[in-house]
Amino acid sequence: MWMIWKLLFLPLLALPLSAQDIEKCGKRVGTIEVVKGASAPKIDGLSNDPVWASVKAHTIPVDIPKKIFETEDSAELKVVHDGTSVYFLLRWKDKTKSTQHKPFKWNKSRRSYEESEDLEDAAYFAFEKEGAFNVNMRAGIEAVWDSWYWQAARTNSVGYAMDETHHYTKKKPKQKARFIRLDTGKYGYIRRAMDEGKPIVTKSLPPARRKGSVVAQYKVQKPDGSGADVRAKGIWRSGWWTVEWSRKLDTGHSDDTPFVLGKGYGFAIGISREVEDEDHLVSLPYTLQFK
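According to my numbering, the residues represented by the sequence shown are 165 to 455, in order.
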């Protein structure tokens, strides 16, 4: 994924936080119980499946970084499992439907394509995999996350979410990683690895010749392997995005967090409305408790 929005929860990289705020970024603020439903929902973004009517809705504040720890915005979340897979229903307000991401637009005077500033809407999940789960990437805590991305332009059309693993280390890894300054005053590294398999998105160069006024920069394809573990489909209607997600409780792939009934897992969500990098919104961590 070509730095889809640079780094998951990047806003916290740009905001030096106190020791107290770093601690808050790692403190679970609630528990969401995941019970077994009577049926499995269809992943189509419609949210009209009977099972959702019986599942409790949780309001999740997604207010970092605009007002650190003060409720400004929120998303509605429902979660259920069927003994084999887990299903998420995520809804949030958005006045506009944004389904293009940096397409190439023809510049008539220059007779060439230029990357536009159009940005898509998007939503994200991050789950603990190894180490303590703290949504502040600059906390200096070594950890691994299982991270999912749904994007209105780049993934929605194929009905999948991007599936990645994020590694936070104090020492430089052998693989390519980003070097960052930590809130402790020291330095660390963030490495993003796509799950194994054919990726959903590939980045292309602008056409040498004119092929229309607007040309997509990102090419979309059906993923495979571990990269095809997470299904996701969204629909925008009447000022709301509704996105349904699904994944097997245990995919059998080493790059995924296995969800075991009876156990709990730290997680957080994020949403973007035509923004990227430091302008998107994220939540504090919660516990996802499977029953």
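C-beta atoms are modelled at their ideal positions from N, C-alpha and C, and glycine is treated no differently. This one's a predicted model, so the numbers in the text were calculated from it and none came from an experiment.
Residue-level contact to chain D via CB, S447, 7 Å cutoff: Although the question refers to chain D, the structure presented lacks it and comprises just one protein chain.
Of the listed residues Y277, G430, K334 and T348, nearest to G376 (C-alpha basis): Y277
Supposed contact pair E284 and T263 - C-beta distance, whole angstroms, cut 8 Å: 6 Å
Assigned exposure category for Y382 - 16 Cβ within 10 Å defines buried: Counting C-beta atoms within 10 angstroms of its own C-beta, Y382 has 16 or more neighbours from the protein chains shown and is therefore classed as buried.
Reference L210; option with closest CA among W404, K427 and F423: W404
Same chain only: Cβ atoms within 7 Å of R374, ignoring 5 sequence neighbours per side: The residues are W270.
3 or more residues per run - each beta strand (DSSP E) lying fully within the region 342-415: Listed in chain order, the complete beta strand (DSSP E) runs (minimum 3 residues) inside the region 342-415 are 342-345, 351-358, 365-367, 382-384, 395-401 and 404-412.
Contact belief for S249 with L413 at Cβ below 8 Å, rounded distance in angstroms: The beta carbons of S249 and L413 sit about 6 Å from each other, so the pair counts as a contact at 8 Å.
Between the CA atoms of G434 and S447 - distance to the nearest angstrom: Near 6 Å, if we compare the C-alpha coordinates of G434 and S447.
Spatially closest choice to M301 from E187, G428 and K455, by CA coordinates: The shortest C-alpha separation from M301 is found at E187.
Residues that DSSP places opposite A287 in a beta bridge: W314 and I435
Own chain, CB closer than 6 Å to G428, minus 5 neighbours either side, in chain order: If we look at G428 and ignore the five residues flanking it on each side, its Cβ neighbours are T451 and Q453.
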